[in-house]
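Numbering (the working numbering), first residue to last: 78 to 292. The beta carbon of each residue, even a glycine, is placed where N, CA and C say it ideally should be. These numbers come from a predicted model, not from an experiment. First comes the structure, then the notes that go with it.
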């Protein structure tokens, strides 16, 4: 209930009876969860490449766009995986946080502090798979599931995967080709659903020495 007060000429205050009964109703905001999967492999900076700087700048601009659309409670949730090796991905993962003022600073710093690792490989499949698992856990932790509107993955990379192997699954994955086959199973990634909603996935590719036009 909004209660308005009016200041009288004598300096005293009284309630405005005509306005006292007005009520303000807030529409509950839906929750959208987004994972950024960012390539930190050496090829992003080697041989004079500025792909890494371009990626970070665009990822931060995208974060700003999401922040402008998020409400004060942070109904858009954002997480980040910076990857090169699988170990680097595990050490540079930030699970989704509500995109409010304080968390914006934390997410921005996480992206801004990522470094391109020289002479490292590209564990892209592992990181995409990890992002799905994180989004699934994040959904399970949402108190009111009716507020969930969907999840998305936005990935940046300049090369083919060469490190996603020797991963423990129901059937151990021993090669990158086998990991790709695993992700191509619709229920694992291509047609994965989080909370009954389609998982959206977008890949931003950097054309260069490690990715030709056909790829």
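request  = Run the CB neighbour count on residue 117, radius 10 Å, all protein chains shown included, and call it buried at 16 or more, exposed below.
outcome  = buried
request  = Just list the alpha helix (DSSP H) runs in the stretch 188-242, keeping only unbroken ones of 4 residues or longer that don't cross its boundaries, in chain order.
outcome  = 201-217
request  = Compute the distance between the beta-carbons of residue 114 and residue 208, then report whether it is under 7 Å.
outcome  = yes
task = Could you check what DSSP says for residue 269 in three-state terms: helix, strand or coil?
result = coil
request  = Mind the definition here: the stretch 239-253 touches the stretch 139-150 only if three or more C-beta pairs lie below 8 Å; say whether that holds.
outcome  = no
query = Going by DSSP, what residues sit across from residue 274 in a beta bridge?
reply = 271
ask   = Per DSSP, residue 280 forms a beta bridge with which residues?
value = 232
Inter-residue spacing [alpha-carbon to alpha-carbon] between residue 254 and residue 272 = 29 Å
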